[in-house]
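Undergrad: One point on numbering: in the working numbering, the residue at position 185 of the sequence shown is 264, and numbering is uninterrupted.
Beta carbons are placed, not taken as given, at the ideal position from N, Cα and C, and that holds for glycine.
Predicted model, so just to flag it, every value in this text is computed and none were measured.
Let me give you the structure first, and then I'll get to my questions.
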Amino acid sequence: MDLNDTPQQAEYRAKVRSWLEEHKHEAPVLQGEGAIEDEHEAVEAHRAWQRKLAEAGLTGVTWPTEYGGQGLGPLEQVIVNQEISRAGVPGILDAIGVGMLGPTIIAHGTEEQKQRYLAAMLHGDEVWCQLFSEPAAGSDLAGIQSRAKPQDDGSWVLNGQKVWTTNAQFASFGLLLARTDPDVPKHKGLTMFIVPMDAEGVTVRGLRQITGDAEFNEVFFDDVALDPDLVVGPVNGGWGTALTTLMFERLTIGGGGEGMGYRADRFARALASDPAAVRDPEVRKRFGELATDLLALRFTGYRILTALQRGQIPGPEAGMGKVTVVNAAVAAGDLIADVIGPDAFSLDDEWNYLISFLPGLKSAGGTEEILRNTVGERVLGLPPEPRLDKGIPFSELRDKEREAAGASA
Ligand SMILES: Cc1cc2nc3c(=O)[nH]c(=O)nc-3n(C[C@H](O)[C@H](O)[C@H](O)COP(=O)(O)OP(=O)(O)OC[C@H]3O[C@@H](n4cnc5c(N)ncnc54)[C@H](O)[C@@H]3O)c2cc1C
Numbered sequence: 080m081d082l083n084d085t086p087q088q089a090e091y092r093a094k095v096r097s098w099l100e101e102h103k104h105e106a107p108v109l110q111g112e113g114a115i116e117d118e119h120e121a122v123e124a125h126r127a128w129q130r131k132l133a134e135a136g137l138t139g140v141t142w143p144t145e146y147g148g149q150g151l152g153p154l155e156q157v158i159v160n161q162e163i164s165r166a167g168v169p170g171i172l173d174a175i176g177v178g179m180l181g182p183t184i185i186a187h188g189t190e191e192q193k194q195r196y197l198a199a200m201l202h203g204d205e206v207w208c209q210l211f212s213e214p215a216a217g218s219d220l221a222g223i224q225s226r227a228k229p230q231d232d233g234s235w236v237l238n239g240q241k242v243w244t245t246n247a248q249f250a251s252f253g254l255l256l257a258r259t260d261p262d263v264p265k266h267k268g269l270t271m272f273i274v275p276m277d278a279e280g281v282t283v284r285g286l287r288q289i290t291g292d293a294e295f296n297e298v299f300f301d302d303v304a305l306d307p308d309l310v311v312g313p314v315n316g317g318w319g320t321a322l323t324t325l326m327f328e329r330l331t332i333g334g335g336g337e338g339m340g341y342r343a344d345r346f347a348r349a350l351a352s353d354p355a356a357v358r359d360p361e362v363r364k365r366f367g368e369l370a371t372d373l374l375a376l377r378f379t380g381y382r383i384l385t386a387l388q389r390g391q392i393p394g395p396e397a398g399m400g401k402v403t404v405v406n407a408a409v410a411a412g413d414l415i416a417d418v419i420g421p422d423a424f425s426l427d428d429e430w431n432y433l434i435s436f437l438p439g440l441k442s443a444g445g446t447e448e449i450l451r452n453t454v455g456e457r458v459l460g461l462p463p464e465p466r467l468d469k470g471i472p473f474s475e476l477r478d479k480e481r482e483a484a485g486a487s488a
């Protein structure tokens, strides 16, 4: 039992823990010693594990029961996350689908879409990807240029390019934001679509990262025909639909009370392998700072969960949670690399991955600058930043600022 569990939560935790104890030998090894090397085999083994978790009621914990979920609260979802992390087994393959895109379809999709797509997503039979970011539209998401044109028969034709699309290489469907009316202010002419990834005209190209993995892709669309029943939410109301996805994205990455499983004791164990490092005041200071941040994050996470449990939508604290956990984990990776030296890259695959992958997470789900702007405006009451709300791309504004600085110099 966790110190904060109510008796009902303790009972639920015991049930989850006992299922994981009984079945953890069936989980695939995806990292470290004995990990499955072939990427396709690893995906299939991970998919089979997601199916097992789904059959045991350990995915879609907060989804409504009519769509295969458990109809429970966010605290139960956190308990499942904590117990999966404690058991040392992987979570689900399609965290993006189940965590962010499924909830968007539940909130904005038609009943037919919910019946058609949700159960297969939950069981990992059909994995999904998020087709939002483009080469010239990340933070300024409403500036996307991929274009879907309406046809006389009610269908659409899609052209354009997306980038950084995680899991597109094995996804069955993508949830895509496209411009459907270029003649209105940019937030108003967008529509969300479901895109079958095997449709004619869809090309996926992998991008290899410094970690050695190729989790991201570029995705190209050349005259892709989309049926009318693939529109999610209102035509030209796609910005509102996308905001639902982004809210779930921040919660998935930053919320949840445990900061993606990065607890200070996990890092302390690695550092303790070097007795001299444990006595070094500088190492102790750096570790103390990041451990304090992770502890504060845990309690911020509980505040977020309390808000969710009461049916409220968490405010910018979910974004700050994301900034804090990523920075603390990056600082931990740096500290481990400084103390252990180059061996950190070979000693244990976990540290190698932490050091090389985590800095990239500073961009995912809203960059630090964007999230800090939100906190500045909504929490501290600072004057609003004109760039995104007023439809002026950041790059244009920066050029204008440089021009003005040049003129006054
Ligand atoms: C691990 C990972 C997984 C991802 N997976 C997906 C995915 O599956 N699907 C998907 O669609 N996208 C995905 N992305 C893309 C992600 O959403 C974008 O990287 C993010 O939105 C930032 O956009 P950008 O990379 O274009 O950077 P930009 O928006 O070009 O930003 C560049 C820099 O400028 C700063 N900046 C920009 N605007 C402002 C401003 N107004 N004020 C101050 N500073 C500003 C930023 O903070 C940043 O430092 C993923 C990214 C990562 C790293």
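1. Identify the continuous alpha helix (DSSP H) that holds Asn246 and give its terminal residues.
2. Taking the Cβ atom as the reference point for each residue, do Ala386 and Arg329 lie within a distance shorter than 7 Å?
3. What's the gap between the Cα of Met179 and the Cα of Leu325?
4. Taking only heavy atoms of ligand 2 into account, decide whether any of them is closer than 6 Å to the Cβ of Ser164.
5. By Cβ distance, which residues of its chain are closer than 8 Å to Pro107, with the 5 residues on each side in sequence left out?
6. Which of the three DSSP states, helix, strand or coil, is assigned to Asn406?
7. Just the C-alpha distance for Tyr146 and Gly181, rounded to the nearest angstrom, thanks.
8. Quick one: using the 10 Å Cβ neighbour count with 16 as the cut-off for buried, is Phe252 buried or exposed?
9. Tell me the residue span of the beta strand (DSSP E) that contains Thr270.
10. Starting from Arg363, follow the alpha helix (DSSP H) in both directions and report where the run begins and ends.
11. So, with DSSP's three-state summary, where would you put Gln209?
12. Beta-carbon within less than 6 Å of Cys208's beta-carbon, same chain only, minus the 5 sequence neighbours each way: which residues are those?
13. Measure the alpha-carbon distance for Arg377 versus Thr141 and round it to whole angstroms.
14. Regarding Trp318 and ligand 1, is the C-beta to nearest heavy atom distance less than 6 Å?
15. What is the DSSP secondary structure of Leu151, reduced to helix, strand or coil?
16. Under 7 Å between the Cβ atoms of Gly317 and Leu256?
17. Leaving out the 5 sequence neighbours to the left and right, which residues in its chain are closer than 6 Å to Ala70 when beta-carbon positions are compared?
18. Roughly how far, in whole angstroms, is the beta-carbon of Gly136 from the beta-carbon of Gln149, given that I think they are within contact range, below 8 Å?
19. Going by DSSP, what residue range makes up the alpha helix (DSSP H) through Gly181?
20. If we ignore side chains and look at the alpha-carbon of each, how far apart do Lys241 and Leu440 end up?
21. Can you have a look at Glu90 and say buried or exposed, based on whether 16 or more other CB atoms are within 10 angstroms of its CB?
22. For ligand 1, is there any heavy atom lying closer than 6 Å to the beta carbon of Ala443?
23. Report yes if the C-beta of Trp243 is less than 6 Å from at least one heavy atom of ligand 1; otherwise report no.
24. Below 8 Å, how does it come out for the segment 208-223 and the segment 190-199: are there three or more Cβ pairs, yes or no?
25. Got a sec, what are the start and stop residues for the beta strand (DSSP E) Val283 sits in?
26. Thinking C-beta only, is Thr403 closer than 7 Å to Asp372?
27. From Val458, Gln161, Val303 and Thr379, pick the residue whose C-alpha is nearest to that of Asp279; which is it?
28. For Gln156, count the other beta carbons within 10 Å of its own beta carbon; 16 or more makes it buried, fewer makes it exposed. Which is it?
29. Hey, out of Ala410, Glu213 and His119, whose CA is closest to Gly367's CA?
30. Indicate whether Leu201 and Thr138 have their beta-carbon atoms separated by less than 7 Å.
31. Once you ignore the five residues that flank Arg287 on each side, which residues in its own chain have a CB closer than 8 Å to its CB?
TA: Put simply:
1. Counting along the chain, Asn246 falls outside any alpha helix (DSSP H), and DSSP gives it neither H nor E.
2. no
3. 8 Å
4. Ligand 2 is not part of the structure shown, which contains ligand 1 as its ligands.
5. Ile115, Ala121, Ala124, His125, Ala127, Trp128 and Pro169
6. helix
7. So the alpha carbons of these two residues sit roughly 10 Å apart.
8. buried
9. Leu269 to Pro275
10. Pro360 to Gln388
11. strand
12. Thr244, Asn246, Ala247, Ala250 and Gly253
13. Each residue's Cα considered, the two are about 20 Å apart.
14. no
15. coil
16. yes
17. Shown here, the chain extends from 80 to 488; a query on residue 70 therefore has no answer.
18. 5 Å
19. Looking at the DSSP string, the run of the alpha helix (DSSP H) that includes Gly181 is Gly181 to His187.
20. Rounded to the nearest angstrom, the two C-alpha atoms are 18 Å apart.
21. exposed
22. yes
23. Within 6 Å of the C-beta of Trp243 there is at least one heavy atom belonging to ligand 1.
24. no
25. Val281 to Leu286
26. yes
27. Rather than Asp, the amino acid found at residue 279 in this sequence is Glu. Distances from the alpha-carbon of Glu279 to those of Val458, Gln161, Val303 and Thr379 put Val303 closest.
28. buried
29. Proximity to Gly367 across Ala410, Glu213 and His119 peaks at Ala410, based on C-alpha coordinates.
30. The answer is yes: Cβ separation under 7 Å.
31. When the five nearest sequence neighbours on each side are left out, the beta carbons in the same chain lying within less than 8 Å of the beta carbon of Arg287 are those of Ala293, in order along the chain.
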